Amino acid sequence: MKLVKLIANLGYGSRKQVQWLFREGRVTDAEGEVLYADDQVAHEAIRVDGEPLDAPVGLTIALHKPRGVTCSTKDKGRLVYDLLPPRYRDRDPVLSTVGRLDRDTSGLLLLTDDGGLLHRIISPKAKLPKVYEVELAEDLRGDEAGQFASGALMLEAEKTPLLPAELTVHAPRSATLVLHEGRYHQVRRMFAAVGNHVDALHRSRVGGLGLQGLEEGQWRPLDATDLDTLFAP
Ligand code: URA
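Each position in the sequence shown, counted from 1, maps to that position plus 28 in my numbering.
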C-alpha cells in the first residue's frame, strides 16, 4: 500500500492533509531521510514528525471503561474514544467496540479493527463467558441462581429464553454473574425480571482475559498471547 494511504488510514488526516505532511518533509524513515507519498516502506521504519507510526491495522485493545462514558463515536458526553489517542477514532478500518457496556457500567471493554475477530468474540457459538460483578438495590431472595441457570428465563420483548447463566452470591446484595451471550442491557434486565435492581455493574472478565492491573481509564494493546488467553477461559 502506498504510504499516503497507509498513513491516512491510521487517522493522521485526509489524503490531502497527509500529502501536505509529505510536502513539508515531516514523514521520514528511522534515520530521518524524507519519504515520499508513493514509497513502500516497512511500517516500523516510518516516522511522522520523528515519532513512530501508530499501531498497524490488526489493532485490538483492552480498555478499563469507567462509569459515565459511552460506547459510541458520536454521542453527547464523554466517549470511550476520548480515553484513546485522538487518531484512533478516525482509523480505517474502524476501531469498533466489541459489543457494548452501558454508560453506567465499568470494566473490561475490548475494541478491535478486525471484523473477523469481533465476530469470533461476540458470536453466540463461541459462548465466551463474560463475568460481571453486581451490586443490588434489594437483598437477593435465594431463588435467582436457579432461575438464571434454568435456560428458561424470558426477558420482556425477547422471543427466545436466555442461555443458562451462573450466579454466585457473595452477600445479600452482592454477586458475580457469568453470561455466555450478550443481549441488550442483559444483566440489568435479568435482575429486573426477578424483582431487583442493579445499583452498580462492573465487567471483570471476557473469556480468559481480565483487567490485569489496568486502572480506570487505562488501556493497552493486546498481543497474540492475550488473544490466546481470551479464547481459552
Ligand atoms: N448487561 C447490562 O445490563 N449492561 C452492560 O453494560 C453489560 C451487560
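Cβ coordinates follow ideal geometry from the N, Cα and C atoms, glycine included. It should be emphasised that the depicted structure is a prediction, and the values quoted were computed from it without experimental measurement.
Fill in: Endpoints, beta strand (DSSP E) assigned at His-198
194-199
Worksheet entry | Boundaries of the beta strand (DSSP E) in which Glu-163 is found, first to last residue | 158-164
Worksheet item: For Thr-188, does the count of other Cβ atoms within 10 angstroms reach 16, so buried, or fall short, so exposed?
Response: exposed
Worksheet item: Is the segment 185-203 in contact with the segment 169-177, if contact means three or more CB pairs nearer than 8 Å?
Response: yes
Item to complete: Would you list the one or two residues that DSSP bridges to Leu-91?
Response: Leu-137 and Trp-247
Practice prompt. Find out if the Cβ-Cβ distance for the pair Lys-158, Leu-229 is shorter than 8 Å.
Written response: no
Worksheet item: Name the DSSP beta bridge partners of Pro-80, please?
Response: Arg-75
Worksheet entry | CA-to-CA distance, Leu-34 to Pro-121, given in whole angstroms | 11 Å
Item to complete: Determine the DSSP secondary structure at Val-226, reduced to helix, strand or coil.
Response: strand
Item to complete: Taking Arg-231 as the reference, give the member of Gly-86, Ala-221, Gln-214 and Glu-79 with the closest Cα.
Response: Gln-214
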